[in-house]
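The sequence shown stops at residue 190 when you use our numbering, and every number in between is there.
Where a beta carbon is used, it is the ideal one built from N, C-alpha and C, also for glycine.
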Amino acid sequence: MQHEFPNGRILRLVRGDITQVEVDAICNAANSGLRGGGGVDGAIHRAGGPALMEELNQIRAAQGGCKTGSAVATSAGNLPAKFVFHAVGPVYQGGRGNEEDQLASCYRTCLELAQERKLQRISFPSISTGVYGYPLEEAAPIAIGTVFDWLAELRTTVEEAIFVLFDGRTLAAYENALRARARGAAVRW
Ligand code: APR
């Protein structure tokens with residue numbers, strides 16, 4: 002499924018393994034210690050190779066880690082990309098904290114990192130909806146809305162954002178969120 006904006010930009014949803022999709026930057030769902038893990042973090046490090054952790058070790062030594070809602074950039078090693086943006090999503094605490102803002106901030110920060118590097122194509126996993134327990138039906142509209150609004154702007158080099166979703170249930174939640182957001186945009190425009 003995809004949405005094409007009047008300015009020609011594209012927001013695309015695909016089902017698959019994010020390490021297999023060729024883009025300029027792959028976004029990772031990391032942890033604040035930047036120490037790797039399971040899930041998509043594990044898949045990215047396995048496919049990317051040791052270079053990614055070597056760079057994260059240097060970043061950790063320099064700045065201690067990465068706070069929730071933020072992201073750091075490394076090379077992509079053996080992955081089909083130029084960069085990996087390691088974003089740290091919020092652990093879901095029942096929605097009482099500022100998880101929503103922190104989750105949106107992950108996507109915004111990765112788009113800013115892409116903008117700084119004048120990149121055109123970026124891919125995202127469904128950040129925080131695995132181990133970090135963010136309910137899919139709440140996370141998908143936040144993720145889609147943040148990226149949708151960014152692509153609707155004229156001031157970005159990012160031409161295409163691809164959500165690579167690992168299973169059918171996640172894909173369906175993001176498709177519902179994109180349909181709803183696109184309807185809203187149609188009304189607004
Ligand atoms: N490609 C795309 N998506 C994937 C892949 C993959 N190869 N592998 C897993 N996913 C999906 C999961 O199915 C889920 O929908 O990524 C989404 C995010 O789940 P997690 O990887 O568990 O990430 P998150 O919930 O943000 O938890 C982050 O888990 O792996 C650790 O080090 C990581 O501590 C951090 C925490």
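message: In chain order, what are the residue ranges of uninterrupted beta strand (DSSP E) at least 3 long that sit wholly in the stretch 156 to 187?
response: List check, beta strand (DSSP E) in window: 161 to 166.
- prompt: What do you reckon, is the C-beta of residue 132 under 8 Å from a heavy atom of ligand 1?
  reply: Here residue 132 corresponds to residue number 131 of the sequence shown, with the count starting at 1. At a threshold of 8 Å, residue 132 counts as near ligand 1, since its beta carbon sits closer than that to one of the ligand's heavy atoms.
- prompt: When burial is assigned at 16 or more other CB atoms within 10 Å of the CB, is residue 100 buried or exposed?
  reply: Looking up residue 100 in the sequence shown gives position 99. By the neighbour-count definition (other C-beta atoms within 10 Å, threshold 16), residue 100 is a buried residue.
task: Assign residue 63 to buried or exposed, taking buried as 16 or more other Cβ atoms, counted over all protein chains shown, within 10 Å of its Cβ.
output: One-based indexing of the sequence shown puts residue 63 at position 62. By the beta-carbon neighbour count (other beta carbons within 10 angstroms, threshold 16), residue 63 is exposed.
- request: For the alpha helix (DSSP H) holding residue 103, just list the boundary residues, first then last.
  value: Residue mapping note: residue 103 aligns to position 102 of the sequence shown, counting from 1. Unbroken alpha helix (DSSP H) run through residue 103: 100 to 117.
Secondary structure of residue 190, DSSP reduced to three states: Taking the first residue of the sequence shown as 1, we reach residue 190 at position 189. Because residue 190 carries a pLDDT of 45, less than 50, the predicted location of this residue cannot be relied on, and no value is offered for it.
task: Note down, in chain order, each residue of its chain lying with its Cβ closer than 8 Å to the Cβ of residue 190, except the 5 sequence neighbours on either side.
output: Stepping through the sequence shown from its first residue, residue 190 is reached at position 189. Unreliable positioning characterises residue 190 in this predicted model, as indicated by a pLDDT of 45, which lies under 50. The coordinate reading is nonetheless provided below. Cβ-Cβ distances below 8 Å link residue 190 to 7 in the same chain, with the five nearest sequence neighbours on each side left out; the list follows chain order.
query: At a cut of 8 Å, does the stretch 156 to 166 reach the stretch 13 to 20 through at least three beta carbon pairs?
result: Per the Cβ contact rule, the stretch 156 to 166 is in contact with the stretch 13 to 20 (3 or more Cβ pairs under 8 Å).
task: May I ask which residues mark the beginning and end of the beta strand (DSSP E) holding residue 14?
output: If you number the sequence shown from 1, residue 14 lands on position 13. Looking at the DSSP string, the run of the beta strand (DSSP E) that includes residue 14 is 11 to 16.
message: If I measure Cβ to Cβ from residue 172 and keep anything under 7 Å in the same chain, skipping five residues before and after, which residues do I get?
response: For the purposes of this step, residue 172 is taken as the residue at position 171 of the sequence shown. Counting only Cβ-Cβ distances below 7 Å, and skipping sequence neighbours, we find 14, 16, 166.
task: Please state whether DSSP places residue 123 in a helix, a strand or coil.
output: On the sequence shown, position 122 is the one that residue 123 refers to. Reduced to three states, the DSSP call for residue 123 is strand.
- prompt: In terms of residues, what are the limits of the alpha helix (DSSP H) holding residue 139?
  reply: Taking the first residue of the sequence shown as 1, we reach residue 139 at position 138. Run containing residue 139: 137 to 153, per the alpha helix (DSSP H) assignment.
message: For residue 65, tell me which candidate among 35, 76, 141, 147 has the shortest Cα-Cα distance.
response: One-based indexing of the sequence shown puts residue 65 at position 64. For the residues 35, 76, 141, 147, the minimum Cα distance to residue 65 belongs to 35.
query: Are residue 115 and residue 73 close, meaning C-beta to C-beta below 9 Å?
result: As a first step, residue 115 must be located in the sequence shown, where it is residue number 114. As a first step, residue 73 must be located in the sequence shown, where it is residue number 72. At least 9 Å separates the beta-carbon of residue 115 from that of residue 73.
- request: With DSSP collapsed to three states, give me the class of residue 55.
  value: Stepping through the sequence shown from its first residue, residue 55 is reached at position 54. In the structure shown, the three-state DSSP call for residue 55 is helix.
task: Locate the alpha helix (DSSP H) running through residue 27, then write down its first and last residues.
output: For this step, residue 27 is matched to residue 26 along the sequence shown. Here residue 27 belongs to no alpha helix (DSSP H); instead the beta strand (DSSP E) covers 26 to 31.
Where the beta strand (DSSP E) through residue 88 begins and ends: As a working mapping, residue 88 is identified with position 87 in the sequence shown. Its beta strand (DSSP E) spans residues 84 to 89.
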